[in-house]
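When we follow our numbering, the leftmost residue of the sequence shown carries the number -11, and every step to the right adds one.
Report on one structure; see the data block that follows.
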Amino acid sequence: NVSSSRSCASILRAASVDTDPILPSFSTKEEYTSYLKAAGALPSGFAVGTATGNFVSVEAPAMGKLPIKATVIHLTEGPTDSWAAVFTSNKFPGCPVIVGKSRLSGGHPLQALVINNKVSNVCPGGDGIAAAELVCEAVATNLNLSGGATSVLPSSTGVIGWRLPAKELAEDIAPAAIEALQTESAFAAAEAIMTTDRYPKLRSKTLSDGTRIVGVAKGAGMIEPNMATMLGYIMTDATIEKSKLQGMLSEACNQSFNSISIDGDESTSDTVVAIASGLKPLSSEDEFKSALFEVTQGLSADLVRNGEGTGHVIRVCIKNFPGSEYDARRMGRHLVNSPLVKCAISGNDPNTGRIAGAIGSFMGKFFPDESVDDMSLTLGGRIIFNNGKFVLEGDAVEKELSGHMADAQLGETDDFPKHQNFVEIGIDFGNSGSDVTVLGSDLTKEYVSVNADYRS
């Protein structure tokens, strides 16, 4: 029954652990799964349910019945005004993004979120907004929400251009997800929202006053800010003003989800939502902000490590960039999006000239009047470029740099993250300016294979 379920959930929360800022190494998928489940206890006032169904695409009926999942996140104690969101800036936004922006600008309280995978409901042949609203109405009806459909926020991810199977979602799959609602763990949501993701992503943090933040995210390709195909949902039981939550979320996204790139393609469906049940008093907004940043930065790193075909994660630390943080991030993404750099790293080939070439290309195009005379480069902590010249002497250095890349190598089809190593690139412009960190991935045959056969 509900009371015993909530009692069990309370016990789990009391004994819950958090994810580490840097995840440990894992030997098996089961180890990773157990770790996330132990850290996934929901904050007070939240329930999560998931369900799987089938549909036949109107656009590609020859593909037959295809699986689709629905996830419902429910605020069990009533609607909240304290929610914030950041959406894609793509000029062809998905219909759920259009609905979500309307909910946000209209100041509507929320009491539920509904997420589906497989079909993104972007520029479909039918009325995609009406389809999204139909699913929201079904969720509101099944949960008996006083605010109706406007208290439900929709999200969709998957194939672009297909009609949303709204009838199947509204009549069968979303109601089944509601039947499966439980107050123990967010792990089921982390699994259900995946598309080409190889494994679920979840981060959590408990504050000193007992308030809790738990976030889940999906995304493996079309990852290029602003933001990156990604969905992220951050739940907290803290009491915090809507405007403050929005400001913190926007800043957190800039330093996390807007500082990553896998393939340079910006999605049409990107959505990050933070929602607070407000069941616990918050003693320190600074501590909350720090915890929120830890969760979003952890999830963003997980997205890159889980990228389609990713064999290496690249971390670019830029110091003293002669411009804004926004432009410094642009330069970092330009570097990690360079096909030549990505391919060299994929092969553990320390072709350092490609790194300098990509930086020089960006600076020449966008900052032609800025000097790079004082710029230095490091790879794996070793200086490779200084005072306008490469510093590469002999086979020992070549072996060291290649070994650094090999130490960061991941299996391109692994279904769990074995380690948290990076290919470390440092860029220091030598004077004073902006400091940022950008994450990216290499380019492998597996990435091409996944995206050559995505819809099936």
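Every residue gets a Cβ at the ideal spot worked out from N, C-alpha and C, and that includes glycine.
> With 16 as the cutoff for other CB atoms within 10 Å, does S173 come out buried or exposed?
Replying inline: Classification for S173: buried.
>> For a test of the three-state rule: what should DSSP assign to R479, helix, strand or coil?
In response: There is no way to answer for residue 479, as the model of the chain reaches only from -11 to 444.
> In this structure, what does DSSP give as the bridge partners for Q170?
Replying inline: Per DSSP, the beta-bridge partners of Q170 are V36.
> Can you find at least 3 beta carbon pairs, one from the region 223 to 238 and one from the region 319 to 327, that sit closer than 8 Å?
Replying inline: No, they do not touch.
> How many angstroms separate the CA atom of V436 from the CA atom of V301?
Replying inline: Roughly 17 Å separates the two Cα atoms.
>> Please report the straight-line C-alpha distance between G369 and E412, rounded to a whole angstrom.
In response: Between the alpha carbons of G369 and E412 lies a distance of about 7 Å.
> Leaving out the 5 sequence neighbours to the left and right, which residues in its chain are closer than 8 Å to E386 when beta-carbon positions are compared?
Replying inline: P338, L380.
>> Counting beta carbon pairs with one atom in the region 261 to 277 and one in the region 70 to 90, are three or more of them shorter than 8 Å?
In response: Counting Cβ pairs under 8 Å, three or more are found: they touch.
>> Taking the alpha carbon of N130 as the reference point, which residue from V424, M182, Q99 has its own alpha carbon closest?
In response: Here the closest residue by C-alpha is Q99.
> Where T401 and G297 are concerned, what is the direct C-alpha to C-alpha distance, given to the nearest angstrom?
Replying inline: The alpha-carbon separation between T401 and G297 amounts to approximately 6 Å.
>> Whole angstroms are fine: how far does the CA of N419 sit from the CA of L431?
In response: Those two C-alpha atoms are separated by around 33 Å.
> In terms of alpha-carbon separation, which member of K206, K155, E275, G116 lies closest to L195?
Replying inline: That would be E275, whose Cα lies nearest to the Cα of L195.
> If you compare alpha carbons, which of D403, A440, G421, F410 is closest to E18?
Replying inline: It is D403 whose Cα lies nearest to the Cα of E18.
> Can you find at least 3 beta carbon pairs, one from the region 46 to 63 and one from the region 166 to 181, that sit closer than 8 Å?
Replying inline: When C-beta atoms of the region 46 to 63 are compared with those of the region 166 to 181, three or more pairs fall below 8 Å, so the two segments count as touching.
> Is it true that the region 26 to 42 meets the region 198 to 209, where meeting means three or more beta-carbon pairs spaced less than 8 Å apart?
Replying inline: Because the criterion of three Cβ pairs below 8 Å is met, the region 26 to 42 and the region 198 to 209 touch.
>> Excluding the 5 residues flanking G311 on each side, which residues of the same chain have their C-beta closer than 7 Å to its C-beta?
In response: Annotation for G311: F355, G421, S422 place their beta carbon closer than 7 Å to its own, counting only its chain and skipping 5 residues before and after.
>> Using a Cβ-Cβ distance cut-off of 8 Å, determine whether G41 contacts chain D.
In response: Going by chain labels, chain D is absent from the structure shown, which holds only one protein chain.
> Excluding five sequence neighbours on each side, which residues of the same chain lie with their C-beta closer than 7 Å to the C-beta of G299?
Replying inline: So the qualifying residues of the chain are S334, Q397, L398, E400, D430, T432.
> For M51, does the count of other Cβ atoms within 10 angstroms reach 16, so buried, or fall short, so exposed?
Replying inline: It is exposed - the Cβ of M51 has fewer than 16 other Cβ atoms within 10 Å.
> Using a Cβ-Cβ cut-off of 7 Å (strictly less than) and excluding sequence neighbours within five positions of S364, which residues of its own chain qualify?
Replying inline: If we look at S364 and ignore the five residues flanking it on each side, its Cβ neighbours are I371, F373, N374, D416, G418.
> Do you know how far the Cα of T183 is from the Cα of V123?
Replying inline: Looking at the two C-alpha atoms, the distance is approximately 20 Å.
> Measuring CB to CB, does V204 end up less than 8 Å from Y221?
Replying inline: A contact, by the Cβ cut-off of 8 Å.
> E482: which of L24, G266, G28, S247 sits nearest, CA to CA?
Replying inline: What is shown of the chain runs -11 to 444, which leaves residue 482 out entirely.
> Under 7 Å from any heavy atom of the ligand PLP, does the C-beta of S192 make it?
Replying inline: As far as ligands go, the structure on display features none, and thus does not contain the ligand PLP.
> Helix or strand or just coil, what does DSSP make of P112?
Replying inline: In this structure, P112 counts as coil in the three-state DSSP scheme.
> If you draw a straight line from the C-alpha of V426 to the C-alpha of L133, how long is it?
Replying inline: Using only the alpha carbons, I get a separation of about 41 Å.
> Under three-state DSSP, which class holds R318?
Replying inline: Note: R318 maps to helix in three-state DSSP.
> If you draw a straight line from the alpha carbon of G136 to that of G82, how long is it in whole angstroms?
Replying inline: Within the model, the alpha-carbon separation for G136 versus G82 is close to 22 Å.
> Apart from the five residues on each side of it in sequence, which residues of its chain come closer than 6 Å, Cβ to Cβ, to S390?
Replying inline: N336, P338.
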